[in-house]
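Right, one structure below, let's go through it.
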Amino acid sequence: MQRSLFIIKPDAVKRNLIGRILSYMEAADLTVVGLRMVDMTMEVAAGFYKVHEGKEFYDKLVEYMSSGRSVVVVLEGEDAINRIRKICGATDPSKADEGTIRAAFGISITMNSVHASDSTESAGQEVPYFFPDLG
Ligand code: ATP
Ligand code: MG
1 MQRSLFIIKP
11 DAVKRNLIGR
21 ILSYMEAADL
31 TVVGLRMVDM
41 TMEVAAGFYK
51 VHEGKEFYDK
61 LVEYMSSGRS
71 VVVVLEGEDA
81 INRIRKICGA
91 TDPSKADEGT
101 IRAAFGISIT
111 MNSVHASDST
121 ESAGQEVPYF
131 FPDLG
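So the sequence shown is numbered by our numbering: it starts at 1 and just counts up by one.
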């Protein structure tokens with residue numbers, strides 16, 4: 001069993017897609033073990049994506065992630081990390097496979113609707129960032 005941090009980003013929350021996006025996870029037998037809505041400050045968004053600090057898209061990413069409410073979710077399941085990344089699809093929605101969340105709902109490479117931990121190491125940092133009790 002693995003845990004992963006999953007985020008429904010501001011563009012998707014604003015378009016009332018929380019339920020539809022979570023359905024992809026429940027349909028894949030991934031269990032919600034933590035969930036809350038957060039209105040990230042620039043500081044919280046910057047800390048979350050610190051690994052990308054210095055990249056040309058970083059400032060835009062931080063601004064976008066603090067532009068509205070997100071839903072942060074901890075999902076649990078077998079091989080959860082890799083399976084969730086597959087269900088999300090490629091970072092750039094125009095390159096995401098059909099049937100993925102980003103192909104269905106993503107607007108642009110920045111406004112790509114969802115985040116998912118990319119390794120056990122990042123999940124180990126990202127889960128307690130928003131859920132100190134679930135670390
Ligand atoms: P995430 O970490 O959000 O799950 P990812 O792992 O697919 O996405 P990363 O390379 O970690 O992609 O980038 C983090 C986020 O930064 C992306 O989801 C996207 O919103 C934004 N981003 C990444 N690359 C670019 C880019 N070239 N131009 C603009 N925004 C980008
Ligand atoms: Mg990433």
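Glycine included, each C-beta is placed from N, C-alpha and C at the ideal position. This one's a predicted model, so the numbers in the text were calculated from it and none came from an experiment.
Query                                                                                       : Result
Distance between beta carbons of residue 76 and residue 160, contact taken as under 8 Å     : The structure shown does not extend to residue 160, since the chain is modelled only from 1 to 135, so the question has no answer here.
Paired residues, beta bridge with residue 30 - DSSP                                         : Paired residues: none, contrary to the question.
Residue 101 CB to nearest heavy atom of ligand 1 below 6 Å                                  : no
Spatially closest choice to residue 116 from 25, 1, 13 and 17, by CA coordinates            : 25
Touch test, the region 7–20 against the region 99–112, Cβ-Cβ under 8 Å, three pairs minimum : yes
Pairwise C-alpha distance: residue 57 and residue 83                                        : 26 Å
Heavy atom of ligand 2 within 6 Å of residue 92 beta-carbon                                 : no
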